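Here's the structure we're looking at; comments come further down.
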Amino acid sequence: MSIEFRLLGIPIRIHLWFWLMALWLWTLNMAEGWAGLLVWVAVVLQGILMHELGHALAGRAFGRSPRIELVALGGITWWEQREPMSPWRNLVVSAAGPAVGIFVGSLSLVMMDVLRIPDPSLGRYLFRSLVWVNLGWGLLNLLPIMPLDGGNIVAALFDFAVPSRGRLFASYVSFAVIGMLFVVTVATRMYPATILLLLLGFSTYQVFRMERQRSTIPPRGLVEQAFMALERGDGPGLVEAASRLVAEGGSTEELDEAFHLLAWGRLLAGEPREADAALRSMSGERTADPALEGAVLVELGRPDDAIPLLEEACERGGTFAEGYYVTAVRDLGAFSRAAQFLSRPGAPRLSAKAVDALQQLALTAHAFDAARKLASLPAPQPAHDQENA
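If you want it as structure tokens, here you go:
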């Protein structure tokens, strides 16, 4: 069970466990009766949601498409894009959440004193809760422990010195900090904090194991994984491998290859805008595959720009570009151009399926002269004849 809505254009999902955890925390104090419960739950929702919105809005400023989920132990902001951000952007996004909470909590602390709200009162409880949730949660998240924001900040700082290894080194720092705090909490009998540290220790171990596994795969192995994913049309798998190649860095040629593969993955995953962004991230020293570039433009609703590229792709051979070429011609109504292109001497021979589709679309659009020219095209060679040619 969950509640879903949008805020500032960002999809948000609140899971049942979030409400249950907020209720359990209130039972530890049970201040101000049922009115206090409503105040507490509202403040917890406000504090965690604003914290995650800090992350989400910072990420959106860097071109990300954020989603927020509120779960038992707080909130999670994740991105529809999988490719990594630069260390500087990671640092800013990680710090944005705690910064919002610390600001709201500090402001609440000042306002509680300025307004001289009597104690005890429901109003005083409201402001104390605002301080505790916002300021407390913000400061707690700055602990250098993965996957808290402080741990991600440490990872970003390591990434400046050791690219793509920041999370691995940050997990070592996390283990050290957790170990020290574990001793302190046990010695002072702060057992709820001890349990929280054990949970964070498990999360840190998960990060550590994943990063160790990732670091053992050489870049050449990632390239092979990427091309295997491309061959089987596995968009998400290709995005995963190509994103890691981008994170590995390397020469301009290697980065261009990584972004080119990433663009293919994004296209296959149904994310043309992200595919276009990957193509634009290339240095310009390498020309993108015209079939890929043309297909992305078709998906973006730019058939006029796509047709010349798809014509070039058709001339190179292969059937991938044919479907996009038919779509682009249909969307632009460029049946005369298609007929002229395919009937000129030395023109590429599209498959019978593609030519028939163009002819039917031309008839539907009352482009009868173009339909006649398309119908008079020579039949394409059978596949086995083309292979033997």
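With positions in the sequence shown counted from 1, the corresponding number in our numbering is that position plus 21. Cβ atoms here follow ideal geometry from the backbone N, Cα and C, with glycine treated the same way. Keep in mind it's a predicted model, so treat the numbers as computed, not measured.
Practice task
Use the C-beta contact count for MET71: other C-beta atoms within 10 angstroms, 16 or more gives buried, fewer gives exposed.
Solution key: Reading the sequence shown from its first residue, position 50 is the one you call residue 71. Under this definition MET71 is a buried residue.
Practice task
Report the option in TRP45, HIS281, PRO32, ILE24 whose CA atom is closest to the CA atom of TRP100.
Solution key: Counting from 1 along the sequence shown, the entry for residue 100 is found at position 79. Closest option to TRP100, Cα to Cα, is PRO32.
Exercise for the section: State whether the segment 150-161 contacts the segment 119-129, with contact taken as three or more CB pairs (one from each stretch) at a distance under 8 Å. Expected result: yes
Practice task
Could you check which residue in GLY258, ALA182, LEU169 has the C-alpha nearest to that of SER224?
Solution key: Indexing the sequence shown from 1 puts residue 224 at position 203. It is LEU169.
Handout entry: Inter-residue Cα distance where the pair is VAL207 and ALA197
Key = Taking the first residue of the sequence shown as 1, we reach residue 207 at position 186. Taking the first residue of the sequence shown as 1, we reach residue 197 at position 176. Each residue's Cα considered, the two are about 16 Å apart.
Practice task
Excluding the 5 residues preceding and the 5 following LEU147 in the sequence, name in chain order all residues of the same chain whose CB lies nearer than 6 Å to its CB.
Solution key: Sequence index remark: in the sequence shown, residue 147 carries index 126 (1-based). Excluding residues within five positions, the ones whose Cβ falls inside 6 Å are VAL60.
Practice task
Compute the Euclidean distance between the alpha carbons of LEU221 and LEU266, then round it to the nearest angstrom.
Solution key: Here residue 221 is taken as the residue at index 200 of the sequence shown, counted from 1. Here residue 266 is taken as the residue at index 245 of the sequence shown, counted from 1. Between LEU221 and LEU266, the C-alpha separation is close to 29 Å.
Exercise for the section: Return the residue from the list GLU343, GLU274, ASN155 that minimises the CA-CA distance to ALA309. Expected result: Stepping through the sequence shown from its first residue, residue 309 is reached at position 288. Of the listed residues, the one whose Cα sits closest to ALA309 is GLU274.
Exercise for the section: Return the chain-ordered list of same chain residues with a C-beta closer than 6 Å to the C-beta of SER304, the five sequence neighbours on each side being excluded. Expected result: Residue 304 sits at position 283 when you count from the first residue of the sequence shown. Here the set comprises THR273, ASP277.
Practice task
Out of ARG323, GLY54, VAL183, LEU94, state which residue places its alpha-carbon closest to the alpha-carbon of PRO14.
Solution key: Any answer about residue 14 is impossible in this case: the structure gives the chain only from 22 up to 410.
Practice task
Give the DSSP-derived three-state secondary structure of PRO184 in the structure shown.
Solution key: Your numbering for residue 184 matches position 163 in the sequence shown. In the structure shown, PRO184 sits in coil (DSSP, three-state: anything other than H, G, I, E or B).
Exercise for the section: Go ahead and label THR98 buried or exposed: buried means 16 or more other beta carbons lie within 10 angstroms of its beta carbon, across all protein chains shown. Expected result: Within the sequence shown, numbered from 1, the residue matching residue 98 stands at position 77. That one is buried.
Problem - Sufficient close CB pairs (3 or more, under 8 Å) joining the segment 211-218 to the segment 253-263 - result: no
Practice task
Please confirm if VAL152 has its CB atom under 8 Å from at least one CB of chain B.
Solution key: Given the protein chain composition of this structure (a single chain), no chain B is represented.
Handout entry: Length of the line joining the Cα atoms of SER302 and PHE229
Key = For the purposes of this step, residue 302 is identified with residue 281 of the sequence shown, where counting begins at 1. For the purposes of this step, residue 229 is identified with residue 208 of the sequence shown, where counting begins at 1. Cα to Cα, the separation comes out at about 30 Å.
Practice task
Mark ILE328 as exposed unless 16 or more other C-beta atoms lie within 10 angstroms of its C-beta, in which case mark it buried.
Solution key: Looking up residue 328 in the sequence shown gives position 307. With 16 or more other Cβ atoms within 10 Å, it is buried.
Handout entry: Rounded Cβ spacing between LEU382 and ARG358 (contact assumed at less than 8 Å)
Key = Sequence index remark: in the sequence shown, residue 382 carries index 361 (1-based). Sequence index remark: in the sequence shown, residue 358 carries index 337 (1-based). With 8 Å as the limit, LEU382 and ARG358 do not qualify as a contact, their Cβ atoms being about 13 Å apart.
Practice task
Could you work out which residue in LEU156, GLU336, ILE24 is closest to TRP40 when comparing CA atoms only?
Solution key: Indexing the sequence shown from 1 puts residue 40 at position 19. Among LEU156, GLU336, ILE24, the Cα nearest to that of TRP40 is on ILE24.
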